[in-house]
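These protein sequence lines map, in sequence, to chains A and B.
Going by the numbering used here, the first sequence wraps up at 143, each residue one higher than the last.
Going by the numbering used here, the second sequence wraps up at 543, each residue one higher than the last.
Backbone N, C-alpha and C define an ideal beta-carbon position, used for all residues, glycine too.
Here's the structure, in structure tokens; my notes come after.
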Amino acid sequence: MRKEDLAKSIKSEFGKKTESFSSPSKKRIYLEIRPDYLRTAVKYLKEQGLRFSTASAIDERDYMEVLYHFSYDKEGVFVSLRIKLERKKPGADTIADIITGAKWIEREMRELMGIRFEGNEDMREFLLSKDYKGRKYPLRKDG
Amino acid sequence: MAEEKKRHIPIGPYHPLQEEPEFFKLRVEGERVVGLDIEIGYNHRGIEKLSESKHFEQAIFLVERICGICSTSHPFAYVNAVEELADINLPERAAYIRSVVGEVERIHSHLLWLGLAGHFIGYNTVWMWSWKYREPLLEACEKIFGNRQHYGMMKIGGVRRDISPEQGRFLSEKLEYVRKKVDMLDKAIEDDPVIGSRLKNAGVLPKEKAVEYCVVGPTARASGVDIDVRRDEAYAAYGMVEWKVPLRNEGDVYAKTKIRLEEIRQSINIIKQCIDALGKSGGEIEADVNDIPDGEGIGRHEAPRGEVFHYVRSHGGTVPFRHKVRAPSYMNVFSNKHAVVGGTVADAALTLAAVDPCYCCTERMQAVDKEGKSVLTSRELIKLSQEKTYELRREKGERV
């Protein structure tokens, strides 16, 4: 489908579950959704043929944010799903069973940001050394 | 008959076959690989955290050093992200120059891989020749960009150096030479039945698995997944010149090899058109850049290994508030969980190398038995791969 139709289709599908919607350019769509809607939203984007590119976790000090970036390669459009989590014990549902390619980035976000992904409990060291004796979550602003 | 025991073959972390450290633990039954565990992180340097203490321009030099073979890929994606964030328009001349840098890098990166692949299968002549044909390009990089690698060409809003007509001609001559040699190597690979036996049907990644693992680059295109950031997003000069995205369906090491060879040819086309365009008119090579405002931006580049992704968030200060980097090998290496399993031990090392893994970008091989005892070292694994080739050549009547 064309990029204009993609935006319309997402808006109508997600409807009231969207906290905010912005399209700063023809190639970028940012959608904030409630964390409990994440899995449904991801399944929908996968069905529409979007490719999961990666996820980025951000420590905004008052809260944590995770952006899931999907690529609609046919039209060169990126759709980024934004969820906001409380900072003390941030947690979200895993999407690794829906998208195998998301397994590693969830492990990375757990290790570096301390975000727990319900359903992806692989607690093995990933990037950090086994004997890392630094502060607990290094990518946090107080890490 | 003795029961076939399950064994583990570790490859890595420091392995002559690979440029950077990573750890692959192959679980083997007899000659078959039945499982794969991957451990990365040996090269983790905390680049994203470091970036948060660098000025936006300094971060370019930081990310350029993520990788030593595709060094411009990360700056390319990063400046795209910042320019999107700050709504900076890239001058046309800078767009052409950026594409020249990106494509010269693609060619010499693919030739490097070709050499390594040749070495893994015991064809050291392919190795020596591929690396010899890289040299004119690295010479051109030094002459035009100032360095063989880590060119320092990208800046926010433009490029650091122009390309003069004389430099354009110098590069074009080198490309003509390389084109002839690549055609020769391609024909040799096509015609040699032993190379065909080694590469064909080895490490197959079917299309549905390529999609499941979200692979990118030549790894994806060799499995029928038609994606290329240069075409899909048409950044820099890629939407202003004529070129094609090669695609194959076999998903094996042979398909990945052919894709890379064809990409070299397409890169030569792109560079030639860019040099022509640069010769026709002048123009600025950088835009005026003010302070980077509050906001966020996504920047991508089709590196030799696939899509490089950078995300930058600014809170209006002088440094990135958050800088997320995702290299292509992060997605591609994981797909080995499928590609290597079911193949033979002799093919394992080649399959692992076929995604052209760059661990520095990603973060950066041992066979063990059930008790965790090493049964084959890395050196023995390469030898196993090379000996498979020698055996095939002897069967064909060649003296080895």
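Practice problem: Taking MET474 (chain B) as the query, report the chain A residues whose CB atoms sit under 7 Å from its CB, ordered along the chain. | Solution: GLY101
Practice problem: Starting from MET64 (chain A), follow the alpha helix (DSSP H) in both directions and report where the run begins and ends. | Solution: That residue, MET64 (chain A), is in no alpha helix (DSSP H); its beta strand (DSSP E) goes 63–72.
Quiz item: Would THR362 (chain B) be called buried (16 or more neighbouring beta carbons within 10 Å of its own) or exposed?
Solution: buried
Quiz prompt | Boundaries (first-last residue) of the alpha helix (DSSP H) holding LYS197 (chain B) | solution = Unbroken run through LYS197 (chain B): none, as it is neither H nor E.
Exercise. Step through the CB atoms of chain A and report whether any lies within less than 8 Å of the CB of GLU351 (chain B).
Key: no
Quiz item: Per DSSP, VAL451 (chain B) forms a beta bridge with which residues?
Solution: B:HIS444
Quiz prompt | THR532 (chain B) beta carbon less than 8 Å from that of ARG303 (chain B) | solution = no
Exercise. Could you give the DSSP three-state label for GLU429 (chain B): helix, strand or coil?
Key: strand
Quiz item: So what does ASP499 (chain B) bridge to, in DSSP terms?
Solution: Answer is none; ASP499 (chain B) lacks a bridge partner.
Quiz prompt | Through-space distance from LEU85 (chain A) to LYS101 (chain B), alpha-carbon basis | solution = One cannot answer for residue 101 (chain B) here, as it falls past the ends of chain B, which runs 144 to 543.
Practice problem: Would you mind telling me which residues of chain A sit closer than 8 Å to GLY184 (chain B), beta carbon to beta carbon, in chain order? | Solution: GLU125, PHE126, LEU127, LEU128, SER129
Quiz item: What are the residues that DSSP puts in a beta bridge with LYS298 (chain B)?
Solution: B:GLY301
Exercise. Please check if any C-beta of chain B sits within less than 8 Å of the C-beta of LEU139 (chain A).
Key: yes
Practice problem: Please list the partners that ILE58 (chain A) has in chain B, where partner means a Cβ-to-Cβ separation under 7 Å. | Solution: ARG456, ARG465
Quiz item: How about HIS187 (chain B): is its C-beta nearer than 8 Å to some C-beta of chain A?
Solution: yes
Quiz item: Are GLY49 (chain A) and GLU355 (chain B) close, meaning C-beta to C-beta below 8 Å?
Solution: no
Quiz item: Out of curiosity, what's the CA-to-CA distance linking ASP437 (chain B) and GLN416 (chain B)?
Solution: 37 Å
Exercise. Can you tell me which of B:TYR378, B:GLY485, B:HIS151, B:THR461 puts its alpha carbon nearest to the alpha carbon of ASN102 (chain B)?
Key: Outside the shown range of chain B, which is 144 to 543, sits residue 102 (chain B), and nothing can be said about it.
Quiz item: Which residues in the same chain have their Cβ closer than 6 Å to the Cβ of ARG374 (chain B), if we skip the five residues on either side of it in sequence?
Solution: VAL388
Exercise. Answer with yes or no whether the minimum CB distance from GLU377 (chain B) to chain A is below 8 Å.
Key: Just to set this straight, residue 377 (chain B) is Ala in the shown sequence, not Glu. By this cut-off, ALA377 (chain B) is an interface position.
Quiz prompt | Per-residue DSSP class, three states only, for CYS504 (chain B) | solution = Since pLDDT at CYS504 (chain B) reaches only 43, below the 50 mark, its modelled position is unreliable, and no value is offered.
Quiz item: Would you say the beta carbon of SER196 (chain B) comes nearer than 7 Å to a heavy atom of the ligand PLP?
Solution: Ligands in the displayed structure: none, and consequently the ligand PLP is not present.
Practice problem: Might you give, ordered along the chain, the residues of its own chain that have their beta carbon closer than 6 Å to the beta carbon of LEU535 (chain B), omitting 5 neighbours on each side? | Solution: VAL337, SER340
Quiz item: For ILE105 (chain A), does the three-state DSSP call read helix, strand or coil?
Solution: helix
Self-check item: Range of the contiguous beta strand (DSSP E) that encloses GLU19 (chain A)
Solution: 18–25
Quiz prompt | With 16 other Cβ atoms within 10 Å as the buried cut-off, status of ASP73 (chain A) | solution = buried
Quiz item: Mind pulling the chain A residues with CB within less than 9 Å of LYS192 (chain B)?
Solution: LEU112, PRO138, LEU139, GLY143
Quiz item: Taking a cut of 7 Å between CB atoms, which residues from the region 216–242 of chain B lie near chain A?
Solution: none
Practice problem: Identify each residue in the region 36–60 of chain A for which the Cβ-Cβ distance to at least one residue of chain B is less than 7 Å, and report them in chain order. | Solution: ARG51, PHE52, SER53, THR54, SER56, ILE58
Quiz item: Residues of chain A with CB under 8 Å from ILE441 (chain B), in chain order?
Solution: ARG28, HIS69, PHE78, SER80
Self-check item: Rounded separation between THR215 (chain B) and ALA446 (chain B) - CA only
Solution: 8 Å
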